[in-house]
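Here the sequence shown is numbered in the working numbering, starting from 1097 and rising by one per residue.
We treat Cβ as the ideally placed atom computed from N, Cα and C, and that holds for glycine.
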Amino acid sequence: MDAKDLVLYKREGAYIPRVAAVHDLCGYGKCSLGIAIPVLSAAGCDVCPVPTSLFSAHTKFPTYYMHDTTRILEDYLDAWAKEGIELDAIYSGFLGSAAQVGAIQRLYREHPGALRVVDPVMGDGGKMYPTYTVELCEKMRELVAGADILTPNLTEAHLLTGMPYHGQDLSEAEVERYVAQLVGMGAHLVVVKGVVRGDSLIRNYVAGEKIDLVEVVGEQLPFMTHGTGDLFASTLTGAVMCGRSVYDAVAFATDFVRDAMRITRLQPDNEVRGVSFESLLGQVTALVG
Ligand SMILES: Nc1ncnc2c1ncn2[C@@H]1O[C@H](COP(=O)(O)OP(=O)(O)O)[C@@H](O)[C@H]1O
Ligand SMILES: Cc1ncc(COP(=O)(O)O)c(C=O)c1O
């Protein structure tokens, strides 16, 4: 089957899908819930945040304060369970501790029909993020099994599979090897992000269990911006929840992130502020209906 025909969520009429967003909340430096809430809301979803930690600023700043919320999550989800909150999708990203993988697995058990989108946020450029531990990365592997959509960058594909990290210049055959390994670990569909081959293009690949590999090519801008991984996964999830095919959702997210990076570049402190996408949210709303 082709990812171009693969629709994972069928939106019915005026129904508003409810999406749990399991991610950190960051005060300054746009990323994580600061992106997931507005983007999924613009996609006409009822976003229910599960904050995995509170940050004063993202971890690319030399100084940041982090408060890990692991200790409150059980009570938080107990209260949800008592209210009988129903979920159509569970989208997870940046985690504060290895134990939080258990909270996501609990949501999966309590909402067996919900779509599972796993952005296995762990690191970049061959390195783990500073608050991440080997234990957390190992535990994160458990989320691969049963993921309807898994969105690793190449560092994360390496950390999840244990296969060697060869930088971002990967051949299609190498991408296929990562995908085969991740599908072998139980992922249904994998979006491998950020392959670059020195031709000013950035490539994202979609493939899965019985889904042939397809390439989505975008223009590579000559700078980097923080929060683009979160923006990509949030936009992809929003487009899927609007009933778009996985291929169309990846293509939309690829262009959306590029456009947001261009706008970010025009802002003061653009090298650290995180990605600025607010003025583009109308494009996401246009996907609804
Ligand atoms: N320099 C760039 N130019 C254009 N698009 C980019 C660029 N960097 C990232 N993107 C887009 O954002 C997506 C997520 O990239 P990235 O932020 O590197 O992910 P992560 O944070 O998971 O490492 C990429 O797959 C690509 O579509
Ligand atoms: C607190 C926090 N959340 C999320 C992220 C993920 O950011 P990105 O979207 O660039 O992968 C980071 C990365 O620095 C971070 O520090």
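In the three-state DSSP reduction, P1145 falls in the strand class (E or B). The DSSP assignment places complete beta strand (DSSP E) segments of no fewer than 3 residues inside the stretch 1165–1204 at 1185–1188, in order along the chain.
Boundaries of the beta strand (DSSP E) harbouring G1123: 1114–1124, taken from the DSSP string. For Y1301, no alpha helix (DSSP H) segment is defined; the enclosing uninterrupted segment is the beta strand (DSSP E) at 1297–1304. Setting aside the 5 residues that flank it on each side, Y1225 is surrounded in the same chain by T1155, G1219, each with a C-beta closer than 6 Å to its C-beta; the list follows chain order.
If you draw a straight line from the Cα of E1234 to the Cα of L1256, it comes to about 7 Å.
For a cut-off of 8 Å, the C-beta gap from V1384 to A1139 is around 6 Å, short enough to register as a contact. Residues G1189, F1190 of the same chain have their beta carbon placed closer than 6 Å to that of V1217, with the five preceding and five following residues left out of the count. Between the stretch 1276–1290 and the stretch 1364–1383 there are fewer than three C-beta pairs closer than 8 Å, too few to call the two in contact. Assigned with DSSP and collapsed to three states, R1212 falls in strand.
Burial of F1151 is indicated by the presence of at least 16 other C-beta atoms within 10 angstroms of its C-beta.
For G1314, the enclosing beta strand (DSSP E) covers residues 1307–1315. In this structure, the straight-line span from the alpha carbon of N1300 to that of L1211 is close to 21 Å.
Under the DSSP definition of a beta bridge, D1220 partners with K1223.
Under the three-state reduction of DSSP output, H1254 falls in the helix class. Shown here, A1382 sits in coil according to DSSP, grouped into three states, outside any helix or strand.
Under the three-state reduction of DSSP output, V1291 falls in the strand class. DSSP, read as helix, strand or coil, puts G1109 in coil.
Here G1282 carries a coil assignment [DSSP, helix/strand/coil]. Here G1140 carries a coil assignment [DSSP, helix/strand/coil].
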